[in-house]
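Asks: Residue numbers (full-length UniProt numbering): 1 to 205. Submitted below is the structure of interest, expressed as structure tokens.
Here is the structure:
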């Protein structure tokens, strides 16, 4: 069952006159409103990121699915990183606010995956519905276990990220080249906010 956009429109600010010119009306996009998940069985929402080029805004669709179905989906393990600010994305023709960190991941995801279902807590759970939030949290271990693949998002890469991963891989294989060792690269990678989250234990371990 797909998410249904709620009726209604944005209301004007009290101190400003209502504008009726077509250009202003065209720019008003209502906020996304969640429809309730089924209470008959364990259900989740899944997001589909629609194709687009580097210049096009992010657009997605949300749909409801029983957790015990055979539908394949991916899941995301990340940190909200609210300090980076927020950004609106399009969801079923409406605006949905997400953290900039999540938006950065979705842009990367759009480049590499084609219409693949994805579970992301900040989008797939109605964060303003306490009852739903509580019930969905109880399902999170199962959600991550059932996911075909779990993406771990540490944030956008910087100049030392590739080197850090190479050093970690070589260390594990005991084939490290001492000439390229850069302790700072590894420290920077492992100091990212993601590693301070207790939740990652159930998400991919």
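The C-beta atom is built at its ideal place from N, Cα and C for all residues, glycine as well.
Which word fits residue 50, buried or exposed, when buried means at least 16 other C-beta atoms lie within 10 angstroms of its C-beta?
Replies: In the chain shown, counting from the first residue as 1, residue 50 sits at position 50. Under this definition residue 50 is an exposed residue.
Asks: Are the CB atoms of residue 31 and residue 94 within a distance shorter than 8 Å?
Replies: Reading the chain shown from its first residue, position 94 is the one you call residue 94. Reading the chain shown from its first residue, position 31 is the one you call residue 31. Yes, Cβ-Cβ distance for residue 94 and residue 31 is below 8 Å.
Asks: Count the other CB atoms within 10 Å of the CB of residue 121; is the residue buried (16 or more) or exposed (fewer)?
Replies: Residue numbering aside, residue 121 sits at position 121 when the chain shown is read from its first letter. Buried, since its Cβ has 16 or more Cβ neighbours within 10 Å.
Asks: Between the alpha carbons of residue 69 and residue 103, how many angstroms are there, rounded?
Replies: The sequence position of residue 69 within the chain shown is 69, counting from 1. The sequence position of residue 103 within the chain shown is 103, counting from 1. For residue 69 and residue 103, the distance between alpha carbons rounds to 28 Å.
Asks: Need the endpoints of the beta strand (DSSP E) that residue 112 sits in, please.
Replies: Against the chain shown, residue 112 aligns to sequence position 112. Segment 100 to 112 is the alpha helix (DSSP H) holding residue 112; no beta strand (DSSP E) there.
Asks: Whose C-alpha, out of 79, 113, 109, is nearest the C-alpha of residue 99?
Replies: Stepping through the chain shown from its first residue, residue 99 is reached at position 99. For the residues 79, 113, 109, the minimum Cα distance to residue 99 belongs to 79.
Asks: When you compare the CB positions of residue 46 and residue 119, do they come within less than 8 Å of one another, or not?
Replies: Here residue 46 is taken as the residue at index 46 of the chain shown, counted from 1. Here residue 119 is taken as the residue at index 119 of the chain shown, counted from 1. Yes, the pair counts as a contact, with Cβ atoms nearer than the cut-off.
Asks: Go through its chain and collect everything with a Cβ distance to residue 132's Cβ below 7 Å, but skip five positions before and after it.
Replies: Residue mapping note: residue 132 aligns to position 132 of the chain shown, counting from 1. So the qualifying residues of the chain are 37, 125, 126.
Asks: Between 155, 129, 101, 117, which lies nearest to residue 143 when the distance is taken from Cα to Cα?
Replies: Locating residue 143 in the chain shown gives position 143, where the first residue counts as 1. Taking only the C-alpha atoms, the option nearest residue 143 is 117.
Asks: How many angstroms separate the CA atom of residue 86 from the CA atom of residue 109?
Replies: Position 86 of the chain shown, counted from the start, is the residue given in the question as residue 86. Position 109 of the chain shown, counted from the start, is the residue given in the question as residue 109. Each residue's alpha carbon lies about 18 Å from the other.
Asks: Rounded to the nearest angstrom, what separates residue 138 and residue 151 at their Cα positions?
Replies: For this step, residue 138 is matched to residue 138 along the chain shown. For this step, residue 151 is matched to residue 151 along the chain shown. Their backbone Cα atoms lie some 20 Å apart in a straight line.
Asks: Taking C-beta to C-beta, are residue 146 and residue 67 nearer than 8 Å?
Replies: Residue 146 sits at position 146 when you count from the first residue of the chain shown. Residue 67 sits at position 67 when you count from the first residue of the chain shown. Yes; because the gap between Cβ atoms is below 8 Å, this pair is in contact.
Asks: Looking at the secondary structure, which residues open and close the beta strand (DSSP E) in which residue 75 lies?
Replies: In the chain shown, the residue the question calls residue 75 occupies position 75. 74 to 77 is the span of the beta strand (DSSP E), which, as asked, contains residue 75.
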